[in-house]
Amino acid sequence: MSSRYECQRSLPSICTLLRRSRRSLGHLRQLHCFLLRRSLFPQPQQPLLLSHFLSLSLSLSPLPSPYSLSLLSALPSPTPLLLFNSLLSSLSHLPSSLTVFNLLRSLSPHPPDFFSLPPLIRLCARHPAFRTGASLHALAIRLRLDSDVFVSTAFIHFYGRCLLIGSARSLFDTMSQPSAVSWTALISGYLRLKDLKSAQELFDQMPERNAVTWNVMIDGYVKNADLDGARRLFDEMPEKNSVACTCLIDGFAKAGDMGSARLLFDQMNHRDRDVFAWSTMISGYAQNGCPCDALFIFNEFHKTKRKPDECIVVGLMSACSQLGNLSLAKWIDSYVMTRSINTNNSRVLTSLIDMNAKCGDMERAHFLFHSIPQRNIASYCSLMQGYCLHGLGSKAVDLFSHMIQEGLNPDEVAFTVVLSACSQAGLVEEGKKYFNMMRKICNISPSGDHYACLVDLLGRAGKLEEAYELIKLLPVEPHAGAWGALLGACRWHSNIELGELVAKRLFELEPQNGGNYVALSNIYANANRWGEVSEVRCMMNEKGVRKVPGCTWIMT
DNA sequence: ATAGGGTTAG
């Protein structure tokens with residue numbers, strides 16, 4: 007039997023193997039060796055199999071690996087245009103695609119055609135890579151490919167993504183027969199620039215709209231915080247689909263209206279509830295501080311026996327972190343590990359560390375942190391917060407300096423975490439140092455949160471006057487968190503005069519927050535001033551403020 | 001064989 011014949015016969019099963027081996031260069035090379043040993047590995051006369059290997063290996067890394075380059079050099083010369091085009095359309099990294107494209111121009115006797123450009127333009131749009139896209143446009147004009155509907159539409163999309171709506175518009179105006187996709191691409195460009203009026207005008211002028219057009223419009227209204235407009239469009243929509251529903255659900259969730267979100271979700275056809283819809287609901291509840299509802303939705307999802315994706319488990323873990331339930335965390339941890347979730351995804355890893363730390367398993371959080379090949383700021387922050395939570399502020403501060411040594415640039419969240427770690431550990435000088443580093447070296451202007459941390463740092467260390475002076479001189483409007491931190495410090499250091507002053511300010515800022523009244527009453531109680539204690543409690547009753555159940559009245 | 005749309009962490 008000739009090896010050529012055998013290879014052709016086994017092509018489908020090899021393709022199946024290739025599809026299964028996704029995400030691992032190791033698997034790919036293993037299969038390559040397997041075929042080589044049986045003299046089955048495709049030489050130039052087996053371009054189809056070669057292109058399967060190529061598209062997989064090129065999709066594994068942003069830049070073409072040496073392995074990919076060696077495969078490319080095995081391509082037959084001249085290479086059929088069809089082969090190149092199908093290879094181009096299977097790639098998702100711009101540098102690899104450009105390598106393939108340039109090879110196409112040198113290896114093929116024929117110039118690129120209508121099918122070669124759109125996949126590349128799409129990648130330029132996604133980045134967006136303006137210069138590359140613009141030179142592709144020049145090339146398209148030179149090759150006289152720019153009159154093609156598909157090519158022009160891809161460029162309209164590209165200019166829209168680059169926020170150059172004028173270029174997109176003039177291209178659109180030169181088209182003799184724009185398709186519904188061309189219209190939609192232009193509309194989406196206007197929506198990206200928050201120009202709802204122009205988008206709506208085009209939408210009304212369009213000869214025919216399809217499902218995507220409606221989805222783009224609804225999403226545009228949601229992203230521009232016009233939920234009523236989105237809802238109106240949704241109600242007018244002839245045939246609702248899951249994308250439109252999910253856009254609207256996400257809009258309600260971001261606006262904090264989980265009631266409307268839930269209503270829509272419940273009305274959805276069960277068949278229409280795809281993974282997007284489920285994960286939008288789960289993370290919506292998690293972000294709105296309703297972890298139990300998030301778990302309930304996840305449980306419903308679990309019953310459908312469908313495969314979770316990364317977003318589902320990230321939302322789920324966020325909910326579990328809020329509950330701090332260790333046995334639930336252990337269940338979720340093993341669920342994530344056994345469900346073919348991509349645990350190299352940085353968001354998944356960060357959430358895993360965060361969940362384990364917040365639920366009390368620091369050992370596991372620590373282990374996961376050290377198993378990451380490339381740590382990022384978020385993974386550091388999760389572990390640092392975990393240490394703070396367990397009273398190990400100084401360990402968190404050590405981790406922060408380790409992070410800087412590793413060459414990572416801290417962002418505003420990282421500074422919030424390290425400042426609260428310093429205050430937790432009582433490291434006043436250290437905290438001031440980082441605060442100055444944030445402004446002077448990292449060029450981050452401090453937010454209300456950062457100042458609140460600094461006030462907390464000073465207050466806890468007993469430097470109440472300094473903290474009060476700081477809060478009075480803030481360049482940003484101090485939010486309740488900063489005043490609250492100072493009130494807590496007054497309570498801790500039994501400073502009645504300043505405490506009264508600060509509490510008065512807080513009662514104006516957030517009259518319904520029972521915690522502030524409780525703190526003031528504790529300050530009085532600590533000084534045995536029981537008359538004032540009952541005055542504060544009367545004030546609470548008058549204003550109808552209720553103590554949050556589970557928060558103690560008694561100072562510990 | 002080619003173009004337009006949706007979810008996630010610290």
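Position in the first sequence (from 1) plus 6 gives the number in my numbering.
Built from N, CA and C at the ideal position, the CB exists for glycine as well.
Computed from a predicted structure; not experimentally measured.
Taking C-beta atoms under 8 Å as the contact rule, V222 and I193 qualify, at a distance of about 6 Å. Of the candidates V320, W337, S327 and V524, the residue whose Cα lies closest to the Cα of T349 is V320. L479 and Y457 have their alpha carbons spaced roughly 11 Å apart.
The beta carbons of Y474 and L492 sit closer together than 8 Å. For L374, the closest of L37, M343 and G295 by C-alpha to C-alpha distance is M343. The Cβ atoms of S185 and V218 lie no closer than 8 Å to each other. A distance below 8 Å separates the beta carbons of L199 and I171.
Relative to the Cα of Y386, the nearest Cα in the group C365, S357, H396 and D367 belongs to S357. Contact fails between the region 58 to 77 and the region 109 to 118, because fewer than three Cβ pairs, one in each stretch, are under 8 Å apart.
Under the three-state reduction of DSSP, K200 is assigned to coil, being neither helix nor strand. A direct Cα-Cα distance of roughly 50 Å separates L123 from A402.
CA-CA distance, L405 to I224, rounds to 44 Å.
Assigned with DSSP and collapsed to three states, P124 falls in helix.
Between L322 and I338, the CB-CB gap stays under 8 Å. In the same chain as G257, and ignoring 5 residues on each side of it, the C-beta atoms closer than 7 Å to its own belong to V228, L233 and A236, in chain order. Apart from the 5 residues on each side of it in sequence, N247 sits with its Cβ closer than 6 Å to the Cβ of A217 in its chain, given in chain order.
Within the same chain, Cβ atoms closer than 6 Å to the Cβ of L149 are found at P117, the five residues on either side in sequence being excluded.
In the structure shown, H308 adopts helical secondary structure according to DSSP, grouped into three states. Apart from the 5 residues on each side of it in sequence, Y530 sits with its Cβ closer than 6 Å to the Cβ of E538 and V539 in its chain, given in chain order. When the Cα atoms are used, L87 and F282 turn out to be separated by approximately 37 Å. Judged by their CB atoms, R543 and S527 are nearer to each other than the 8 Å cut-off. Of the residues assessed, L54 falls on the exposed side of the cut-off, its CB having fewer than 16 other CB atoms within 10 angstroms. Taken through DSSP and simplified to helix, strand or coil, K313 comes out as coil. For G437, the closest alpha carbon among the candidates K446, R445 and A427 is that of A427. Cα atoms of G295 and A325: separation of roughly 8 Å, rounded to the nearest angstrom. A distance below 6 Å between beta-carbons, with the five flanking residues on each side excluded, links G468 to the following residues of its chain, in chain order: H499. Spatial neighbours of P84 in its own chain (CB-CB distance under 7 Å, excluding positions within 5 residues in sequence) are listed in chain order as L113, S114 and P115. Given a length threshold of 4 residues, each whole run of the alpha helix (DSSP H) inside the region 69 to 156 is given here in chain order: 72 to 79, 87 to 95, 100 to 113, 123 to 132 and 136 to 148. With fewer than 16 other beta carbons inside 10 angstroms of its own, S377 counts as exposed.
For I378, there is no enclosing alpha helix (DSSP H), since its DSSP letter is neither H nor E.
L463 sits close to S429, with the two beta carbons spaced by under 8 Å. Non-local C-beta neighbours of C496 in its own chain, meaning closer than 7 Å and more than five positions away in sequence, comprise L470, L504, G505, V508 and I529, ordered along the chain.
The beta carbon of A420 sits closer than 6 Å to those of I383 and C387, all from its chain and outside the five residues before and after it, given in chain order.
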